[in-house]
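A.B. asks: Take a look at this one; I'll ask things after.
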Amino acid sequence: MAKRATRIAASKIEPVVSLYPDQGWSPLGEDDHRDQSYVRKVRPQSDNQRRLLKAIEEGNLTLALGPAGTGKTYLAISAAVEAFEEGRVARIMLSRPAVEAGESLGFLPGDLQDKLAPYLRPLYDALSDRLGGKRLRALLADGSIEIAPIAYMRGRTLNNAFIVIDEAQNCTYGQIKMLLTRLGWHSTMVLTGDPDQSDLLPGLSGLADIADRLRVLADVAVIDLDERDIVRHPLVASMLTVL
Numbered sequence: 075m076a077k078r079a080t081r082i083a084a085s086k087i088e089p090v091v092s093l094y095p096d097q098g099w100s101p102l103g104e105d106d107h108r109d110q111s112y113v114r115k116v117r118p119q120s121d122n123q124r125r126l127l128k129a130i131e132e133g134n135l136t137l138a139l140g141p142a143g144t145g146k147t148y149l150a151i152s153a154a155v156e157a158f159e160e161g162r163v164a165r166i167m168l169s170r171p172a173v174e175a176g177e178s179l180g181f182l183p184g185d186l187q188d189k190l191a192p193y194l195r196p197l198y199d200a201l202s203d204r205l206g207g208k209r210l211r212a213l214l215a216d217g218s219i220e221i222a223p224i225a226y227m228r229g230r231t232l233n234n235a236f237i238v239i240d241e242a243q244n245c246t247y248g249q250i251k252m253l254l255t256r257l258g259w260h261s262t263m264v265l266t267g268d269p270d271q272s273d274l275l276p277g278l279s280g281l282a283d284i285a286d287r288l289r290v291l292a293d294v295a296v297i298d299l300d301e302r303d304i305v306r307h308p309l310v311a312s313m314l315t316v317l
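Under our numbering, think of the first position of the sequence shown as 75, with each following residue one higher.
Written as structure tokens, this is what we have:
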């Protein structure tokens, strides 16, 4: 019985190993194999998305405006990861405003980092999808990737970096002007946002005004996306037409 059991076990091993013809399976290397598969070329799903990626690749400053689900943030972060992986920039800087949407930061538990975590979570999610959790943690630890709220950007000059400012519709005119002047040598900056979805009081958002002023500059690209570019569930596009 023991010999028969050994033969059966051996016969089952061969077809399993054949699923990995180029490499053996190792439980210690599982995370590495999984993370490596995340770094891949992103394919735009619409003409406007193609225009956005082209503008980011060719210019130093791009504004991506459009409703939720049009891929603004994901494409910008994907472009940042690609530039970093190809050695075109030395670091990635991501920022978004910590707007208090119905809750006061003072009443949230934890220290400042804990309080800001919910606002910065979408950026972590997009990066993790592109790099994998293990690689992302390593790059955050060595400072190659930095994620910070808008207030932490004041007084800095970002050279040789790819900067993504997300949810820019929740920034005032003064804040956006401050952010634009952070752009340093050999750097790329992308601002994403939806001027129609600001959490600020009416008239405080500066994104639409800034975009209109910058459209006249040949060195700045302002890309408008709409419901036709939505890549989330089809119901999202339908709801946005009536809400």
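By construction, the Cβ of each residue, glycine as well, lies at the ideal position given by its N, Cα and C atoms. Small disclaimer: the values here were computed from a predicted structure and weren't measured.
Could you pull out every unbroken alpha helix (DSSP H) segment of at least 4 residues lying fully inside the stretch 184-244, listed in chain order?
C.D. replies: 186-205, 207-215
A.B. asks: Would A235 and V163 qualify as a contact pair, given that the criterion is a beta-carbon distance under 7 Å?
C.D. replies: yes
A.B. asks: According to DSSP, is Y143 part of a helix, a strand, or is it coil?
C.D. replies: Residue 143 is actually Gly in this sequence, not Tyr. In the structure shown, G143 sits in coil (DSSP, three-state: anything other than H, G, I, E or B).
A.B. asks: Roughly how many angstroms lie between the CA atoms of E132 and T315, to the nearest whole one?
C.D. replies: Approximately 33 Å, taken between the alpha carbons.
A.B. asks: If we call anything under 7 Å between Cβ atoms a contact, is A172 one with L190?
C.D. replies: yes
A.B. asks: Tell me whether A138 sits in a helix, a strand or coil according to DSSP, three-state version.
C.D. replies: strand
A.B. asks: Pick helix, strand or coil for D298, following the three-state DSSP scheme.
C.D. replies: strand
A.B. asks: Nearest CA to the CA of L149: which residue from P118, I166, L275, P192?
C.D. replies: P118
A.B. asks: Hey, could you find the ends of the beta strand (DSSP E) G267 is sitting in?
C.D. replies: Counted as a single uninterrupted DSSP element, the beta strand (DSSP E) harbouring G267 occupies residues 262-267.
A.B. asks: Would you decide whether V290 is buried or exposed? Buried here means 16 or more other CB atoms lie within 10 Å of its CB.
C.D. replies: That one is exposed.
A.B. asks: For G258, I'd like the list of residues in its chain whose CB is within less than 6 Å of its CB, leaving aside the five on either flank, ordered along the chain.
C.D. replies: T231, L232, N233
A.B. asks: Evaluate contact between the stretch 265-284 and the stretch 138-145, counting only Cβ atoms and requiring at least three cross-stretch pairs below 8 Å.
C.D. replies: yes
A.B. asks: Helix, strand or coil for V316, going by three-state DSSP, please let me know.
C.D. replies: coil
A.B. asks: Once the 5 residues before and after Q249 are set aside, which same chain residues still bring their CB inside 8 Å of it?
C.D. replies: P171, I224, G280
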